[in-house]
Amino acid sequence: SEIQIGILEFIEGILELAKEHKETVMIGYTHLQHAQPVTLAHHLMAPAQALKRDYQRLDDTYKRVNLNPLGSAAMATTSFPIDRELTTQLLGFDDYLENSMDGVSSRDHIAETVFDLSALCTTLSKICEELVLWSTYEFGIVSMADEYSSTSSIMPQKKNPDVAEVARSKCAIVNGELITILTILKAIPYTYNRDLQEITPHLWNACDVAYDTLKIVNHMLLTVTFNTERCLELAGANFATATDLADIMVRERKIPFRTAHKIVGRIVNEAVAEGVNPSEIDGAYVDNVAEELGFDKLNLDDELIHNALNPIENVKIRNVPGGPSPEMVQLAIDNMNIFLDVEFEKQGI
178 SEIQIGILEF
188 IEGILELAKE
198 HKETVMIGYT
208 HLQHAQPVTL
218 AHHLMAPAQA
228 LKRDYQRLDD
238 TYKRVNLNPL
248 GSAAMATTSF
258 PIDRELTTQL
268 LGFDDYLENS
278 MDGVSSRDHI
288 AETVFDLSAL
298 CTTLSKICEE
308 LVLWSTYEFG
318 IVSMADEYSS
328 TSSIMPQKKN
338 PDVAEVARSK
348 CAIVNGELIT
358 ILTILKAIPY
368 TYNRDLQEIT
378 PHLWNACDVA
388 YDTLKIVNHM
398 LLTVTFNTER
408 CLELAGANFA
418 TATDLADIMV
428 RERKIPFRTA
438 HKIVGRIVNE
448 AVAEGVNPSE
458 IDGAYVDNVA
468 EELGFDKLNL
478 DDELIHNALN
488 PIENVKIRNV
498 PGGPSPEMVQ
508 LAIDNMNIFL
518 DVEFEKQGI
């Protein structure tokens, strides 16, 4: 389908961006607060994986859509000796619906299709939301292309991410079409009722909106300019690497994580209050805090501490499948390229 091909093309474009930014360190967020450093490529591969599942859902749904209702007649088949297997073959269906009442009255295949489109639009909406946030002065991570931005009719300095905002709202339309379809279906008895004719326009509209939004968000993301210096600046701020300081305490000194968590939490609180940067934390600072809390000195090597708190080194050591290290991101890119090759061939491209 055009939508599935559009998804594959979007993933392909994201992979090209990811290849450029395997070494671009940025901050990852939980609760929209600084969490841990990742790479921009790792972050980009998250929606790529979601788009892959969106594609697979549509692919799987097709097996339940492509079933032949012909021969169900009004609702009780016919007395004529028709060959349903032949019509199924001639019309290109995979199989025929085995119950004529079901064949006449069921529209769950439409609801499932629109759910798939709604899931796709949720992925697209999340991409738009992040672009809107990242383009703000406070984040400063991206600059939107002029063709996807507008200024204010009053404030001449403004560069508003209008297209991302409109695309985000368009995604809500598809969600609304799904709810409308499910609401129409919820109280209809078997078999045919005229209510069912009201469903089809909602399917077509969901398809049109999802396809148009997919193409626009694809082109918009690929024209974004990333501020890599700002990405690294944010990654090194606000003690986003503190988790790894706790981890090395556990690994090197075999203390419980809850103890390490308590020590590092105090280190961060005191450092912030004193205006001490993560790069200034050393073994002596750690030992002072540990003793304040009634624990023994940890005697950690300064270099070990600095590497743990350095966002660039921090990312490199997360070298497990699914992780943000450049090697693992490249593995994810390679695996996704294999998926694309197979699916493009299935689509005849």
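Sequential numbering from 178 applies to the sequence shown in my numbering. Here a beta-carbon is modelled for each residue, glycine too, at the ideal position from N, C-alpha and C. Just so it is clear, the structure is predicted and the values come from calculations on it, not from any experiment.
Legend entry - Endpoints, the beta strand (DSSP E) within which residue 203 is located: 202 to 207
Inset, instruction - My understanding is that residue 135 touches residue 482, with C-beta atoms under 8 Å, so please give their C-beta distance in whole angstroms. - result: An answer regarding residue 135 cannot be provided, because it is not within the stretch 178 to 526 covered by the chain.
Inset, instruction - Enumerate in chain order the residues of its own chain whose CB-to-CB distance from residue 369 is below 7 Å, with the five nearest sequence positions on each side excluded. - result: 252, 281, 282
Inset, instruction - Starting from residue 453, follow the beta strand (DSSP E) in both directions and report where the run begins and ends. - result: Here residue 453 belongs to no beta strand (DSSP E), and DSSP marks it neither H nor E.
Inset, instruction - Express the C-alpha separation of residue 239 and residue 480 in angstroms, rounding to a whole number. - result: 56 Å
Legend entry - residue 513 versus residue 230: straight-line alpha-carbon distance, rounded: 12 Å
Legend entry - Own chain, CB closer than 7 Å to residue 189, minus 5 neighbours either side, in chain order: 517
Inset, instruction - Would you mind sorting residue 379 into buried or exposed? The rule is 16 or more other CB atoms within 10 Å of its CB. - result: buried
Legend entry - residue 459 versus residue 422: straight-line alpha-carbon distance, rounded: 11 Å
Legend entry - Buried versus exposed call for residue 499 [16 or more other C-beta atoms within 10 Å across all chains shown]: exposed
Legend entry - residue 515 versus residue 236: straight-line alpha-carbon distance, rounded: 17 Å
Legend entry - Nearest neighbour of residue 348, chosen from 322, 323, 305, 453 [CA to CA]: 305
Legend entry - Beta carbon of residue 320 nearer than 8 Å to that of residue 338: no
Inset, instruction - Name the two residues that bound the continuous alpha helix (DSSP H) containing residue 233. - result: 217 to 242
Legend entry - residue 210 - DSSP class collapsed to helix/strand/coil: strand
Legend entry - Expected contact under 8 Å - CB spacing of residue 393 and residue 376 to nearest Å: Actually they are not in contact, since the Cβ atoms of residue 393 and residue 376 sit about 26 Å apart, beyond 8 Å.
Inset, instruction - Kindly indicate which three-state DSSP category residue 521 falls into: helix, strand or coil? - result: helix
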